[in-house]
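Okay, so here's the structure we're looking at.
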Amino acid sequence: MKKAKQRTRDTHYSSYLHPRWWPTWMGIATMWLAAQLPLKLQWWLGKRIGELAYRFASRRRHITNVNIRLCFSELSEKEKQALVKDSFRANGIGVMEIGLAWFRNPTAFMPITEVHGLEHVDAALARGKGILLLGGHYSTLDLGGSLVTEYIEADVMQRDHNNPLMNAVMTRARERRYGVALDSRNLRGLLKRLKNNRIVWYATDQDYGRKGIVFAPFFGVPAGSITATSRIADRSGCAVVPFSHFRREHEPGYDIYFHPPLENFPSGDDMADATLVNKTIENEIRKHPDQYLWMHRRFKTRPSKDDPAPYGKEAN
Numbered sequence: 001m002k003k004a005k006q007r008t009r010d011t012h013y014s015s016y017l018h019p020r021w022w023p024t025w026m027g028i029a030t031m032w033l034a035a036q037l038p039l040k041l042q043w044w045l046g047k048r049i050g051e052l053a054y055r056f057a058s059r060r061r062h063i064t065n066v067n068i069r070l071c072f073s074e075l076s077e078k079e080k081q082a083l084v085k086d087s088f089r090a091n092g093i094g095v096m097e098i099g100l101a102w103f104r105n106p107t108a109f110m111p112i113t114e115v116h117g118l119e120h121v122d123a124a125l126a127r128g129k130g131i132l133l134l135g136g137h138y139s140t141l142d143l144g145g146s147l148v149t150e151y152i153e154a155d156v157m158q159r160d161h162n163n164p165l166m167n168a169v170m171t172r173a174r175e176r177r178y179g180v181a182l183d184s185r186n187l188r189g190l191l192k193r194l195k196n197n198r199i200v201w202y203a204t205d206q207d208y209g210r211k212g213i214v215f216a217p218f219f220g221v222p223a224g225s226i227t228a229t230s231r232i233a234d235r236s237g238c239a240v241v242p243f244s245h246f247r248r249e250h251e252p253g254y255d256i257y258f259h260p261p262l263e264n265f266p267s268g269d270d271m272a273d274a275t276l277v278n279k280t281i282e283n284e285i286r287k288h289p290d291q292y293l294w295m296h297r298r299f300k301t302r303p304s305k306d307d308p309a310p311y312g313k314e315a316n
């Protein structure tokens with residue numbers, strides 16, 4: 001597997017016939033079978049998966065606890081713990097929805113999906129400079145993206161999966177819905193797509209290390225925030241349109257939100273730009289805070305290397 005990780009992206013299934021790939025194929029087959037179940041049953045199973053993860057994935061539970069404590073200091077201890085548990089349930093449902101996104105036709109979910117603010121996308125496209133679709137790592141990540149492509153034509157930037165076969169399945173599934181699935185490091189490809197007045201799904205809300213960042217507030221906490229968004233907007237002249245996608249709480253269904261492009265962006269001030277981006281994503285998270293990926297070490301990189309790591313010594 002070490003050699004496989006070093007290979008270039010290979011999406012030909014014929015490359016994965018060796019017996020060492022059979023366990024991965026079995027996992028993919030299980031995902032496909034689960035995706036055929038009724039949506040309500042998938043949500044129920046997803047919640048149970050999340051509850052099991054909460055019980056046994058102690059490291060992820062710890063990270064989520066730390067993030068919730070940092071970002072929602074106004075909540076009582078009971079409310080914080082409830083949010084942690086709800087986040088695991090929501091992300092458990094998200095695991096089930098990956099199969100829906102990869103193996104089901106999203107048109108089946110159109111009757112229970114509503115899009116808000118599509119006029120902002122139309123107006124931005126009319127400028128002819130392309131759109132950077134500013135998303136976040138919500139638990140509806142894959143299915144929300146698949147549903148979005150029923151309303152717009154878009155490309156996506158992705159971090160390739162460490163398992164080459166799983167990456168092949170993911171990339172092929174996404175490229176059935178999106179135009180192109182760009183590697184997250186392919187800045188040249190991204191700029192080329194924007195030059196062709198394309199929409200590109202782009203997420204900036206994770207900790208990518210110390211290179212090319214400023215420490216802008218995220219829920220009031222200094223967070224390593226990349227400045228690449230400003231650079232891309234400056235070089236391409238594209239509009240940066242925030243969007244989000246959430247599942248409904250009390251009935252099966254989904255909502256997709258597009259917002260007006262960020263104003264005065266880029267401003268020439270990296271800190272101001274990153275603060276605006278973080279605040280925009282934060283506002284969306286607050287709609288359904290349990291549906292965000294709080295298991296990620298968002299505050300791993302600290303302003304000073306001497307600052308204590310919020311997640312423990314191994315976080316750095």
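For the sequence shown, UniProt numbering begins at 1 and goes up steadily by one. Heads up, the beta-carbon is just placed ideally off N, CA and C, and yes, glycines get one too.
With respect to the beta strand (DSSP E) encompassing residue i, which residues constitute its N-terminal and C-terminal limits?
{"i": "residue 114", "result": "113-116"}
{"i": "residue 158", "result": "154-158"}
{"i": "residue 222", "result": "221-226"}
Alpha carbon to alpha carbon, how far is residue i from residue j?
{"i": "residue 181", "j": "residue 86", "result": "31 angstroms"}
{"i": "residue 288", "j": "residue 223", "result": "21 angstroms"}
{"i": "residue 205", "j": "residue 88", "result": "19 angstroms"}
{"i": "residue 44", "j": "residue 84", "result": "18 angstroms"}
{"i": "residue 273", "j": "residue 266", "result": "6 angstroms"}
{"i": "residue 301", "j": "residue 264", "result": "28 angstroms"}
{"i": "residue 299", "j": "residue 40", "result": "35 angstroms"}
{"i": "residue 262", "j": "residue 189", "result": "23 angstroms"}
{"i": "residue 95", "j": "residue 46", "result": "7 angstroms"}
{"i": "residue 258", "j": "residue 122", "result": "11 angstroms"}
Considering just the uninterrupted stretch of the alpha helix (DSSP H) at residue i, what are its terminal residues?
{"i": "residue 216", "result": "That residue, residue 216, is in no alpha helix (DSSP H); its beta strand (DSSP E) goes 213-218."}
{"i": "residue 176", "result": "164-177"}
Can you tell me whether residue i is buried or exposed? The criterion is at least 16 other CB atoms within 10 Å of its CB, across all chains shown.
{"i": "residue 97", "result": "buried"}
{"i": "residue 118", "result": "exposed"}
{"i": "residue 312", "result": "exposed"}
{"i": "residue 283", "result": "exposed"}
{"i": "residue 21", "result": "buried"}
{"i": "residue 303", "result": "exposed"}
{"i": "residue 268", "result": "exposed"}
Ordered along the chain, which non-local residues of its own chain (more than five positions away) have a Cβ less than 8 angstroms from that of residue i?
{"i": "residue 254", "result": "109, 112, 113, 114, 140, 143, 144, 147, 245, 246, 247 and 248"}
{"i": "residue 357", "result": "Outside the modelled stretch of the chain, which goes from 1 to 316, sits residue 357, for which no answer is possible."}
{"i": "residue 150", "result": "106, 107, 110 and 113"}
{"i": "residue 156", "result": "145, 174, 178, 180, 181, 182, 200 and 201"}
{"i": "residue 207", "result": "223, 224, 296, 297, 298, 299, 300 and 301"}
Within a Cβ cutoff of 7 angstroms, which residues of the same chain sit near residue i, ignoring the five residues on either side of it in sequence?
{"i": "residue 228", "result": "212"}
Going by beta carbon distance, what residues of the same chain come within less than 6 angstroms of residue i, once the five residues before and after it are set aside?
{"i": "residue 103", "result": "32 and 35"}
{"i": "residue 210", "result": "301"}
To the nearest whole angstrom, what separates the beta carbons of residue i and residue j, a pair I think is in contact under 8 angstroms?
{"i": "residue 295", "j": "residue 167", "result": "At roughly 20 angstroms, the Cβ-Cβ gap does not stay under 8 angstroms, so residue 295 and residue 167 are not in contact."}
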